[in-house]
Every structure is written in C-alpha cells, then in structure tokens.
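For our numbering, count along the sequence shown from 1 and bump the result up by 245. The next block holds one structure in the form of structure tokens; read it before the comments.
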Amino acid sequence: MSQNRPIKYEMKVLLNNIEVTKETLLVNSGMNYGRFYNHYTEDYEIQLSTSEFIHLIESEYNNIRNEIKIDDQRHEDDSDFKSTNYCTLSELLVYKSEFEAIVKTYLDQILFDKLFSNSASNTFVINSTESVSVIENKVVISGKAYRLEPK
Numbered sequence: 246m247s248q249n250r251p252i253k254y255e256m257k258v259l260l261n262n263i264e265v266t267k268e269t270l271l272v273n274s275g276m277n278y279g280r281f282y283n284h285y286t287e288d289y290e291i292q293l294s295t296s297e298f299i300h301l302i303e304s305e306y307n308n309i310r311n312e313i314k315i316d317d318q319r320h321e322d323d324s325d326f327k328s329t330n331y332c333t334l335s336e337l338l339v340y341k342s343e344f345e346a347i348v349k350t351y352l353d354q355i356l357f358d359k360l361f362s363n364s365a366s367n368t369f370v371i372n373s374t375e376s377v378s379v380i381e382n383k384v385v386i387s388g389k390a391y392r393l394e395p396k
C-alpha cells in the first residue's frame with residue numbers, strides 16, 4: 246500500500262439536519278464571528294472522516310502546537326496543548342475537552358477556509374462554532390449560520 250494514496254473526501258454538510266452542498270455555505274472570518282446582530286440563525290453540522298480532518302489541518306496544528314509549547318515553557322503556562330503532552334493531531338482526537346477547545350480556539354477558521362469559498366451558490370454564513378467532537382471515526386463540528394442578505 247502506498248502512503249501517498251489520495252484521500253477520498255466524504256465530507257457531509259448539513260443545514261437544519263438536511264444535507265446540502267458545501268457551496269451553500271461560506272464562513273464569516275471577521276472579528277464579529279459568533280455575533281449575530283439580530284440575524285435569524287440556522288443550525289449547521291460538518292462531518293469529516295478523521296483521516297480527512299487530519300489530512301486537511303495537520304500541518305497547521307503542528308505549527309500552532311509548537312508555538313504554544315514554546316510560549317508555555319517561556320511563560321510557565323498550562324495550555325490545552327500541555328494537558329495532552331503536546332501530542333500529535335491523531336492522538337489529540339481522544340482528548341475530548343482539549344480537542345474541542347483547541348479546534349474552537351485555533352483551528353476552526355483555518356479548516357473552514359480550506360473547505361468553503363465564496364460562490365454564487367452561497368446562501369448561508371457560518372458564524373459560530375458551538376461543538377466539536379469525534380463520533381464513530383468522524384469529526385463533527387456544529388454551530389450557527391445565518392442567511393445571506395439578498396444583493
């Protein structure tokens with residue numbers, strides 16, 4: 246078996262528990278992420294296989310983990326990374342609370358930028374990350390989205 250075998254992406258995107266195309270969503274990557282200003286919200290969920298998740302974000306995870314390790318040592322801090330002994334991304338998947346905290350704090354926006362892009366089909370904006378978990382070899386990320394205003 247070749248180690249360089251391409252990953253078969255099996256990502257699912259759901260909006261209010263109905264599967265939609267990924268082009269339906271784009272991401273608010275601004276400073277107001279998590280603020281809705283009277284927008285009516287919808288529930289979104291993204292499901293990725295653990296191998297997809299690792300493939301997409303491992304490099305960035307390693308860079309962030311290494312920077313936080315230096316900061317922890319320099320400032321004698323106790324980060325979520327330290328709680329996991331600065332483990333690999335695949336090992337992090339078993340640390341439920343630390344995994345969720347690290348993804349919500351450092352990785353969600355990076356991952357979303359890789360998964361979603363602006364297109365004419367975008368009708369909803371992902372605007373929060375409420376939950377991150379591993380369920381049956383899938384990374385499940387959920388939160389709130391709002392409908393784009395017509396132009």
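Even for Gly, the Cβ is constructed at its ideal location relative to N, Cα and C. These numbers come from a predicted model, not from an experiment.
Selection from the options that minimises the alpha carbon distance to residue i
i           : options               : result
residue 287 : 337, 352, 379 and 372 : 372
residue 338 : 258, 303, 368 and 315 : 303
residue 291 : 392, 377, 394 and 391 : 377
residue 289 : 277, 263 and 305      : 263
residue 391 : 261, 257, 332 and 340 : 261
residue 307 : 279, 379, 257 and 336 : 336
residue 332 : 322, 282 and 311      : 311
6 angstroms CB neighbourhood of residue i in its chain, flanking five on each side removed
i           : result
residue 298 : 384
residue 272 : 357, 361 and 371
residue 340 : 329
residue 366 : 268
residue 255 : 294
residue 258 : 265, 267 and 291
residue 334 : 299, 303 and 306
Nonlocal neighbours in the same chain, by C-beta distance under 7 angstroms from residue i, ignoring five residues either side
i           : result
residue 324 : 313 and 317
residue 374 : 349, 353, 386 and 388
residue 346 : 325
residue 322 : 316
Residues near residue i in its chain [Cβ-Cβ closer than 8 angstroms; skip 5 each side]
i           : result
residue 382 : 294 and 295
residue 369 : 260, 269, 270, 271, 287, 289, 390, 391, 392 and 393
C-beta contact flag for residue i and residue j at 9 angstroms
i           : j           : result
residue 357 : residue 343 : no
residue 351 : residue 309 : yes
residue 355 : residue 305 : yes
Residues bridged to residue i [DSSP beta-bridge criterion]
i           : result
residue 378 : 385
residue 289 : 260 and 388
residue 370 : 271 and 391
residue 294 : 383
residue 339 : None; residue 339 has no bridge partner.
residue 265 : 258
Residue i at chain D interface by Cβ criterion, 9 angstroms
i           : result
residue 309 : Among the chains in the structure shown there is no chain D, since it carries only a single protein chain.
Pairs of beta-carbons, one from the stretch 353-368 and one from the stretch 264-282, closer than 8 angstroms: are there three or more? Judged by Cβ distances under 8 angstroms, the stretch 353-368 makes contact with the stretch 264-282, as three or more pairs qualify.
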